[in-house]
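Student: One structure, pasted below without further comment.
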Amino acid sequence: MSKINFVISNVPAELALAAQLIDNRDDNAHPLNHKDFYKSRAVILAKTVAGDIIGCAAIKAGEGIVGELGYLVVSRHYRRQGIAQQLTQKRIEVAQTLGISILYATIRDENVASKANLLKMGFQFWRDYLSIRGTGNTVGWYFLALTDDIDASKVMQSLVGDRIPVV
Ligand SMILES: CC(C)(COP(=O)(O)OP(=O)(O)OC[C@H]1O[C@@H](n2cnc3c(N)ncnc32)[C@H](O)[C@@H]1OP(=O)(O)O)[C@@H](O)C(=O)NCCC(=O)NCCS
Numbered sequence: 004m005s006k007i008n009f010v011i012s013n014v015p016a017e018l019a020l021a022a023q024l025i026d027n028r029d030d031n032a033h034p035l036n037h038k039d040f041y042k043s044r045a046v047i048l049a050k051t052v053a054g055d056i057i058g059c060a061a062i063k064a065g066e067g068i069v070g071e072l073g074y075l076v077v078s079r080h081y082r083r084q085g086i087a088q089q090l091t092q093k094r095i096e097v098a099q100t101l102g103i104s105i106l107y108a109t110i111r112d113e114n115v116a117s118k119a120n121l122l123k124m125g126f127q128f129w130r131d132y133l134s135i136r137g138t139g140n141t142v143g144w145y146f147l148a149l150t151d152d153i154d155a156s157k158v159m160q161s162l163v164g165d166r167i168p169v170v
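Below, the structure is given as structure tokens:
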């Protein structure tokens with residue numbers, strides 16, 4: 004793989020390019036809410052030496068000890084080179100510096116690549132739930148405890164609320 008740099012960015016012009024990359028995602032995700040994206044706690048970009056943004060991932064907007072991962076995308080020409088893995092590794096490191104004790108993510112059941120990405124990084128599967136968007140999609144919930152004192156089950160149960168489990 005040619006050299007790729009992984010950087011935290013809050014540069015508006017770079018975030019706009021990252022948003023474009025997310026907008027063009029090919030995983031049938033619902034449209035990006037740009038306002039929410041810009042409020043992310045941290046956006047990590049994968050950049051070529053020439054400065055092109057070829058990947059993006061974030062810890063979504065929020066505060067406190069629970070952090071949600073999202074906005075993961077790698078440009079088609081750069082896939083299967085471990086870039087998503089490195090973006091997630093970097094998000095875990097950044098989460099620790101932000102005082103986050105538990106990370107979680109929700110993934111559509113059919114998104115094999117994204118599920119593998121999390122499991123390879125040590126995330127655990129929590130449960131599948133029906134999408135609250137009423138689409139009938141199954142959404143898997145995943146988590147990674149970053150500190151020993153966190154009661155992951157309690158946090159996950161409170162996050163999923165009254166969603167309907169898929170059994
Ligand atoms: C998901 C995505 C970010 C993965 O990016 P990537 O840089 O290609 O992923 P990596 O190279 O780090 O892959 C790590 C591992 O994930 C798994 N994986 C990645 N892509 C896969 C695929 N298409 N099918 C099956 N497993 C896959 C493999 O286990 C892979 O390890 P390997 O290449 O050694 O077998 C990329 O496919 C993408 O941008 N998809 C569209 C957007 C999207 O789905 N975003 C996530 C929404 S939740």
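Counting with the numbering used here, you get residues 4 to 170 for the letters of the sequence shown. Heads up, the beta-carbon is just placed ideally off N, CA and C, and yes, glycines get one too.
What does a CB cutoff of less than 7 Å around Asn8 pick up in its chain, not counting 5 residues either side in sequence?
Tutor: Excluding sequence neighbours, Asn8 sits near Lys50.
Student: Excluding five sequence neighbours on each side, which residues of the same chain lie with their C-beta closer than 7 Å to the C-beta of Glu17?
Tutor: Excluding sequence neighbours, Glu17 sits near Leu48 and Ile56.
Student: Give a single yes or no on whether Leu106 has its beta carbon closer than 8 Å to a heavy atom of ligand 1.
Tutor: No, the Cβ of Leu106 stays beyond 8 Å of every heavy atom of ligand 1.
Student: Residues in its own chain within less than 7 Å of Ala119 by CB, not counting five upstream and five downstream?
Tutor: Cβ within range, chain order: n/a, list empty.
Student: In the DSSP assignment, find the alpha helix (DSSP H) that holds Ala98 and state where it starts and stops.
Tutor: Its alpha helix (DSSP H) spans residues Ile86 to Thr100.
Student: Asn36 by DSSP, collapsed to three states: which one?
Tutor: Asn36: coil per DSSP, three-state reduction.
Student: Indicate the three-state DSSP secondary structure (helix, strand or coil) for Ile25 in the structure shown.
Tutor: Three-state DSSP puts Ile25 in a helix.
Student: Buried or exposed: which applies to Ser5, given that a residue is buried once 16 or more other Cβ atoms fall within 10 Å of its Cβ?
Tutor: Exposed is the call here.
Student: Rounded to the nearest angstrom, what separates Leu20 and Asn27 at their Cα positions?
Tutor: Taking the straight line from one Cα to the other gives about 11 Å.
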